[in-house]
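Chemist: Okay, here's the structure, questions in a sec.
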Amino acid sequence: MCIAIPGKVLEIYKYEALVDFGKIQKRVNTSLIEDIQINDYILVHAGYGVEKMNEQEALDTLSVFKMLCDDF
Amino acid sequence: MESLNRFKDIELTKRILAKTHKLKNRPQGSLNIMEVCGTHTMSIYKSGIDKLLPSYINLLSGPGCPVCVTDISYIDAALKLSENKEVIIATFGDMIRVPGSSGSLSSARANGAHIKIVYSPLDCIELARSHPEKEIVFLGIGFETTAPSIGLTIESAFHHSITNLSILLNLKTMPYAMENLIFDKSISIDAFICPGHVAAIIGTRPFDALAKKYHIPMVITGFECLDIVGAIYMLIEMINNHAYRCENLYKRIVKSEGNKTALALLDKVFEVTDSSWRGLGIIPKTGLSLKSDFKDFNALLKFGLTLPDVKVPPQCLCSDILRGVKKPPDCLLYKTRCTPSSPIGACMVSSEGTCMNFYKYNN
Ligand code: SF4
């Protein structure tokens, strides 16, 4: 039940956004996320947006994982 | 976002696993690495990571499944409430099959109790509006990840003067529960895989403080195979190097300060209290209760309920399973009297429960 799923923001309302999860689209409470923009990816749990995905940090972590294998 | 799919990269995962097997400078003896998040438990068993690691690495599942750590007394209180014809109980789906001392919410529903499965506590606002003649009670269990959604629900109900909604609250918090496990003499934990979505709310600092205080390496990580295998590799290196801190490999979501807006909301609605964990007993400072401004939403007060002291069923080893001391096959009831279709303990009910995952992926 702690599962949180990423989705793409399609539309923004006052405290909510319409989020695309691939198979379904759902309105999600976004009042705990700042500066939300259309096309952002957000992590959603139990009906609310937990946090915005940071693409640059994702790429940096992928490089850390690649570096782990570099000398192998 | 293309980068998200790259965390599912099997080739890279295999390379890190191979490197883990070939580590020359490996620590002496076996290593106990504990994860304390039900979603990590699910990912580990589903992908078989537990079977692909060198044999000296022992992955332990801790008390990371919120349904599993909910006391029987809480289920009994919910069952008592379900006898009230004025009440509609709203709950996450996993809760309804958890056995109380006599029956479960699922059996109560079959006998006519009003029990509704909701995806979010926020759905209860609409439920309360559309049933003004009923009392809606949400079963508010979960960790720091779920607490903000319950906080938002209470705030909204308060703001809109909704009076027929209350919460049977049993929110728990993780850092002091981890400290409790560190103190536990029956298990020696060498490193922790920290719960990524709890960290998204509370940040990295509480884990870093624990790692430094007790000299236990920790890594916050995501939920794909690459995230988990990468975290395990990093933990072994940290053990080797005596690196006692918490590394964050989930920076795509987790900020060191956490989600400040969510933390401010939690601070507004809740206060810290002690909490009773199934199998672990009462752990100080690991629960959240409603602040006095919001006491009208407290279902225990509203319905004059108490949580009776109830014992776990004899022979059920949930207590040892939740502390990583035993594995499901050590329980005499596992696969004999306790199965997913007829569970005896909560660890066999939830999709995040250790016994359930062991049953599903080791058969
Ligand atoms: S197998 Fe069933 S009875 Fe045994 S510890 Fe697991 S949940 Fe409890």
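Chains A and B, in that order, give the protein sequences. Note that the working numbering has the first sequence beginning at 32, numbered continuously upward. Note that the working numbering has the second sequence beginning at 21, numbered continuously upward. Using N, Cα and C, we set each Cβ at its ideal position, and we do this for glycine too.
Three or more C-beta pairs closer than 8 Å, one from the region 74-82 of chain B and one from the region 116-133 of chain B: is that the case here?
Modeler: The region 116-133 of chain B and the region 74-82 of chain B do not touch, with fewer than three beta-carbon pairs separated by less than 8 Å.
Chemist: Which bits of chain B does residue 91/A rub up against, with CB to CB less than 8 Å?
Modeler: Residue mapping note: residue 91/A aligns to position 60 of the first sequence, counting from 1. Under the 8 Å cutoff, chain B gives 271.
Chemist: State yes or no: is the C-beta of residue 43/B within less than 8 Å of the C-beta of residue 248/B?
Modeler: Locating residue 43/B in the second sequence gives position 23, where the first residue counts as 1. Locating residue 248/B in the second sequence gives position 228, where the first residue counts as 1. Not in contact: residue 43/B and residue 248/B (Cβ atoms no closer than 8 Å).
Chemist: From the DSSP output, in three-state form, read off residue 343/B for me.
Modeler: For the purposes of this step, residue 343/B is identified with residue 323 of the second sequence, where counting begins at 1. Residue 343/B: coil per DSSP, three-state reduction.
Chemist: For the region 208-238 of chain B, list every residue whose C-beta sits within 9 Å of some C-beta in chain A, in sequence order.
Modeler: 215, 216, 217, 218, 220, 221
Chemist: State the DSSP-derived secondary structure class of residue 35/A, mapped to helix, strand or coil.
Modeler: Taking the first sequence and counting its residues from 1, the one referred to as residue 35/A is at position 4. DSSP places residue 35/A in coil when its eight states are reduced to three.
Chemist: Mapping DSSP to helix, strand and coil, what is residue 272/B?
Modeler: In the second sequence, counting from the first residue as 1, residue 272/B sits at position 252. Residue 272/B: coil per DSSP, three-state reduction.
Chemist: When burial is assigned at 16 or more other CB atoms within 10 Å of the CB, is residue 41/A buried or exposed?
Modeler: As a position in the first sequence, residue 41/A is number 10, starting the count at 1. Residue 41/A should be labelled exposed.
Chemist: Which residues in the same chain as residue 2/A place their Cβ atom closer than 8 Å to its Cβ, once the five residues preceding and following it in sequence are excluded?
Modeler: This structure gives no information on residue 2/A, because the portion of chain A shown stretches from 32 to 103.
Chemist: Using DSSP with H/G/I as helix, E/B as strand and the rest coil, what is residue 10/B?
Modeler: A question about residue 10/B goes unanswered here, because the residues of chain B that appear run from 21 up to 383.
Chemist: From 188/B, 119/B, 241/B, 363/B, pick the residue whose C-alpha is nearest to that of residue 272/B; which is it?
Modeler: For the purposes of this step, residue 272/B is taken as the residue at position 252 of the second sequence. Of the candidates 188/B, 119/B, 241/B, 363/B, the one whose C-alpha sits nearest the C-alpha of residue 272/B is 241/B.
Chemist: Ordered along the chain, which non-local residues of its own chain (more than five positions away) have a Cβ less than 6 Å from that of residue 282/B?
Modeler: Position 262 of the second sequence, counting from 1, holds the residue named residue 282/B. Here the set comprises 168, 221.
Chemist: Mind listing the chain A neighbours of residue 306/B? Cutoff is C-beta to C-beta under 7 Å, in chain order.
Modeler: Reading the second sequence from its first residue, position 286 is the one you call residue 306/B. Taking the beta carbon of residue 306/B as reference, no residue of chain A falls within 7 Å; the closest one sits roughly 16 Å away.
Chemist: Please find out if some non-hydrogen atom of the ligand SF4 comes closer than 7 Å to the beta-carbon of residue 85/B.
Modeler: On the second sequence, residue 85/B is found 65 positions in, with the first residue counted as 1. Residue 85/B: no, Cβ never under 7 Å from the ligand SF4.
Chemist: Let me know if residue 91/B comes out buried or exposed under the rule of 16 or more other beta-carbons within 10 Å of its beta-carbon.
Modeler: Taking the first residue of the second sequence as 1, we reach residue 91/B at position 71. By the 10 Å Cβ count, residue 91/B comes out buried.
Chemist: Is the region 210-217 of chain B close to the region 344-358 of chain B, with three or more CB pairs under 8 Å?
Modeler: no
Chemist: Rounded to a whole number of angstroms, what is the C-alpha to C-alpha distance between residue 372/B and residue 86/B?
Modeler: Counting from 1 along the second sequence, the entry for residue 372/B is found at position 352. Counting from 1 along the second sequence, the entry for residue 86/B is found at position 66. Cα to Cα, the separation comes out at about 9 Å.
Chemist: Would DSSP call residue 58/A helix, strand or coil?
Modeler: Looking up residue 58/A in the first sequence gives position 27. Reduced to three states, the DSSP call for residue 58/A is strand.
Chemist: Could you give the residue range of the alpha helix (DSSP H) that holds residue 217/B?
Modeler: Taking the first residue of the second sequence as 1, we reach residue 217/B at position 197. Where residue 217/B is concerned, the enclosing alpha helix (DSSP H) stretches over 216-222.
Chemist: Buried or exposed for residue 298/B, going by 16 or more other Cβ atoms inside 10 Å?
Modeler: In the second sequence, counting from the first residue as 1, residue 298/B sits at position 278. Counting Cβ neighbours within 10 Å, residue 298/B comes out buried, since at least 16 surround it.
Chemist: Residues of chain B with a CB under 8 Å from the CB of residue 74/A: which are they?
Modeler: Position 43 of the first sequence holds residue 74/A. Those within 8 Å of residue 74/A in chain B are 217, 220, 273.
Chemist: Verify the contact flag: residue 65/B, CB atom, against every heavy atom of the ligand SF4, threshold strictly below 7 Å.
Modeler: Locating residue 65/B in the second sequence gives position 45, where the first residue counts as 1. The answer is no for residue 65/B.
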